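**Student:**
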Amino acid sequence: MEPIEINAGGFYLRALRADDLLDDRPAILCAFSDAEMRRWVADYRIADLADAGDYVRRRAREWDTGTRCSWAVAEPTTGELLGEVDLRGLDEGDPQAACWTHPGHRGRGVASTALGAAVRFGFGALELDRIGYQHDAGNTASRRVAEKCGFELTGESTHLGARLLHWVAVA
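Using full-length UniProt numbering, read the sequence shown as starting at 1 and increasing by one per residue.
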């Protein structure tokens with residue numbers, strides 16, 4: 001599948017990039033170096049620009065294979081990376097949404113606006129009938145995002161010592 005751009009009102013969603021015209025790698029490196037980000041997103045370690053480039057290439061491959069649709073949440077006039085949102089598990093029949101916001105742009109509705117747009121894309125363009133969302137129980141920002149986007153809390157579990165909350169949105 002080719003990456004799709006989405007107008008999300010005050011933001012636009014586009015593929016992550018690392019080319020001569022637009023380079024998201026420095027913003028990715030900065031975001032994944034942030035202590036708060038490392039606390040909640042433990043499955044990725046991005047230590048340098050090369051790792052950030054690998055991350056961008058991985059997301060492009062996932063679009064190509066149809067396993068994940070991911071978008072850079074961008075400022076519409078400059079293209080600046082504000083965060084990322086994705087729909088993953090598309091090939092497994094268990095679609096899950098995820099998002100993160102660059103530390104310099106938190107508290108501005110970036111995640112909830114982007115997640116809402118991604119969920120609408122999933123229900124409309126991908127014809128999904130349900131989308132899950134999970135986060136660490138201590139991550140109150142993620143809880144607010146789930147609630148703003150209309151997800152319903154369905155339960156909790158423990159994974160590697162962390163208490164996870166599970167949410168679902170239904171078309």
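Yeah, the Cβ is synthetic: ideal placement off N, Cα and C, and Gly gets one too.
Computed from a prediction, not measured in an experiment: that's the story for all the values here.
1. Please state whether DSSP places Asp23 in a helix, a strand or coil.
2. Of the residues Thr154, Asp91, Ala50 and Thr77, which one's Cα is nearest the Cα of Asn7?
3. Going by other Cβ atoms of all chains shown within 10 Å of its Cβ, with 16 needed for buried, is Gly150 buried or exposed?
4. State buried or exposed for Gly116, treating a residue as buried only when at least 16 other CB atoms are found within 10 Å of its CB.
5. Give the C-beta separation of Glu5 and Arg17 to the nearest angstrom, bearing in mind that I take them to be a contact with Cβ-Cβ under 8 Å.
6. Can you list, in chain order, the stretches of the alpha helix (DSSP H) that have 4 or more residues and sit fully within the segment 52-127?
7. For Glu36, tell me which candidate among Glu152, Asp136, Glu92 and Ala146 has the shortest Cα-Cα distance.
8. Just list the residues that DSSP pairs Leu29 with in beta bridges.
9. So Val85 and Ala31 are supposed to be a Cβ contact under 8 Å. How far apart are they, rounded?
**Tutor:** Looking at the atomic coordinates:
1. As a working mapping, residue 23 is identified with position 23 in the sequence shown. Strand.
2. Here residue 7 refers to the residue found at position 7 when the sequence shown is read from its first residue. If we check each option's Cα against that of Asn7, Thr77 comes out closest.
3. As a working note, residue 150 is residue 150 in the sequence shown. Answer is exposed; the Cβ neighbour count stays below 16.
4. Here the question's residue 116 lines up with position 116 in the sequence shown. With 16 or more Cβ atoms within 10 Å of its Cβ, Gly116 is classed as buried.
5. One-based indexing of the sequence shown puts residue 5 at position 5. One-based indexing of the sequence shown puts residue 17 at position 17. No, Glu5 and Arg17 are not in contact; Cβ-Cβ is about 12 Å, not under 8 Å.
6. 110-124
7. What you label residue 36 is simply residue 36 of the sequence shown in a count that begins at 1. Out of Glu152, Asp136, Glu92 and Ala146, Asp136 has the C-alpha closest to the C-alpha of Glu36.
8. The residue you call residue 29 lines up with position 29 of the sequence shown. Paired residues: none, contrary to the question.
9. For the purposes of this step, residue 85 is taken as residue 85 along the sequence shown, with counting starting at 1. For the purposes of this step, residue 31 is taken as residue 31 along the sequence shown, with counting starting at 1. Not confirmed; about 13 Å, so no contact.
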